[in-house]
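In what follows, a structure is listed as structure tokens, so that the remarks can point back to it.
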Ligand code: NDP
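Residue numbers (our numbering): 11 to 408.
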């Protein structure tokens, strides 16, 4: 029985709070803490209405290490489950160390002033977490998160040697807006306007943003336009999957989405450089975020399905083989269950399961860990039980 503090009351925080509340045998006490406490209260009221369970709420500024540490010392949780923004990762890790609490997140640290996400800042905490006898679990969302666990499962059970991995993320849902991002627009646009990158034969190869494309025939959602992007799980997987020769990440985008994005980019609206506007400094992308639909508002209007998985080629018993390990999720079913679309759902469920792995001791070990470094089996079992069932299919070799 554990006490968890969930930090962040956005789209993902909503799902994590609902899913933790659905597991009272694991999370006996839940506090939802965020910058805007009214958002926490709205989520708490929805959980009460849907499940009859009470959770507590609190206002915190997770950028402030001192006040967050004091909050954690007073609350004494077993785990901080960070689903605020990547900018809060390091301050929250510092506060967890100072207060002696385990830590989990779903996205790696990114400095606010530079669109560059990397694990190096968080991996640098390895000795401090080990010495403190605390655990930090990094990237326990879907991608990163479940995709890392799929790779670990393939390495453990399906292959003797893995040669290539292609991670494919398709959202075939439709929310009816001309343009909206499915999660935090600033984070989403920063991710896809960077150069693409993939890893091959020990080296990173860089490409122009969105310049490499394929039509991939997904199970359930069918053929989709998929674009090669850099994604954070590549950084740890290329180190932790032995014998790997190449790993790439692909995300699907409709032509309509790309056209809007191109225009916004061309007119300078995706820039993170602040400009002077009537004596006020404003980063255009922050302003854009304010005018775009709030991702949390997409839930009731999104229809269709997601399909995210790993297309893996390698050898088993001397035979070359190719598999696709994947999950599909239905936006409307997610909304009916936890008042959220599938993008937040597919992130929030694994965050809850990662927390469960830690507080039940199944994954507990001192230090800072990426998901594929831990035993995939208990996590894979929970995916089937907690709303993200997975399948493995054999594919023909190309
Ligand atoms: P939202 O923008 O919807 O929510 C972020 C929440 O964090 C908001 O409630 C916000 O408060 C709160 N917050 C921001 N700054 C602070 C602060 N200083 N102190 C306290 N709370 C703060 O984002 P999402 O829910 O869509 O995403 C959450 C995280 O999940 C992000 O890090 C994102 O990168 C990650 N993610 C990971 C995925 C994966 O598969 N691994 C996929 C999708 C997202 P306020 O309400 O006041 O703005």
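Beta carbons are placed, not taken as given, at the ideal position from N, Cα and C, and that holds for glycine.
Three or more pairs of CB atoms, one per stretch, sit closer than 8 Å, so the region 294-311 contacts the region 191-211. For residue 293, there is no enclosing beta strand (DSSP E), since its DSSP letter is neither H nor E.
With distances taken between CA atoms, residue 35 lies nearest to 12 out of 12, 115 and 16.
Listed as beta-bridge partners of residue 320 by DSSP are 177 and 335. With 16 or more other CB atoms across the displayed protein chains lying within 10 angstroms of its CB, residue 350 is buried. In this structure, residue 199 has its CB at a distance of at least 8 Å from all heavy atoms of the ligand NDP. Residue 231 and residue 318 have their C-alpha atoms roughly 10 Å apart. The region 338-352 and the region 308-315 touch, with no fewer than 3 CB-CB distances between them shorter than 8 Å.
Distance from the C-beta of residue 135 to the nearest heavy atom of the ligand NDP is not below 8 Å.
In the structure shown, the three-state DSSP call for residue 224 is strand. The Cβ atoms of residue 219 and residue 204 lie closer than 9 Å to each other. Fully enclosed alpha helix (DSSP H) runs of no fewer than 4 residues occupy 136-142 and 156-163 of the region 136-182, in order along the chain.
Classified as buried, residue 154 has 16 or more neighbouring CB atoms from the shown chains inside 10 Å of its CB.
Counting the other Cβ atoms within 10 Å of the Cβ of residue 152 gives 16 or more, which makes it buried.
The closest heavy atom of the ligand NDP lies 8 Å or more from the beta carbon of residue 303.
Around residue 280, the same chain offers 199, 203, 274 and 295 as residues with beta carbons nearer than 6 Å, after the five sequence neighbours per side are excluded. Nearest in C-alpha terms to residue 373, of all of 147, 184 and 315, is 147. Assigned with DSSP and collapsed to three states, residue 133 falls in helix.
Selection 334, 292 and 355 evaluated against residue 316 yields 355 as nearest (Cα-Cα). Here the alpha carbons of residue 137 and residue 109 stand approximately 16 Å from one another.
Taking C-beta atoms as the reference points, residue 201 and residue 226 fail to come closer than 9 Å. If you look at residue 81, you'll find it isn't in any beta strand (DSSP E); it sits in the alpha helix (DSSP H) that goes 75-85. With fewer than 16 other beta carbons inside 10 angstroms of its own, residue 214 counts as exposed.
Within 8 Å of the C-beta of residue 18 there is at least one heavy atom belonging to the ligand NDP. The beta carbons of residue 222 and residue 382 sit about 25 Å from each other, so the pair does not count as a contact at 8 Å. In this structure residue 407 is exposed. Its beta-carbon is surrounded by fewer than 16 other beta-carbon atoms within 10 angstroms.
About 7 Å separates the beta carbons of residue 112 and residue 106, which is inside the 8 Å limit, making them a contact pair. Placement of the Cβ of residue 207 at a distance of 8 Å or more from every heavy atom of the ligand NDP is found. A distance below 6 Å between beta-carbons, with the five flanking residues on each side excluded, links residue 180 to the following residues of its chain, in chain order: 228, 231, 234, 262 and 317. Secondary structure at residue 192: coil, using DSSP grouped into helix, strand and coil. DSSP places residue 272 inside the alpha helix (DSSP H), whose first and last residues are 265-276. With fewer than 16 other Cβ atoms inside 10 Å of its own Cβ, residue 287 counts as exposed. Counting along the chain, the unbroken beta strand (DSSP E) around residue 44 starts and ends at 37-44. Using a 10 angstroms sphere on the CB of residue 283, the tally of other CB atoms stays under 16, which defines it as exposed. Between the region 65-83 and the region 359-368, the count of C-beta pairs closer than 8 Å stays below three; the two stretches do not touch. Scanning its chain for C-beta atoms nearer than 6 Å, with the 5 sequence neighbours on each side dropped, one finds around residue 390 the residues 163, in chain order.
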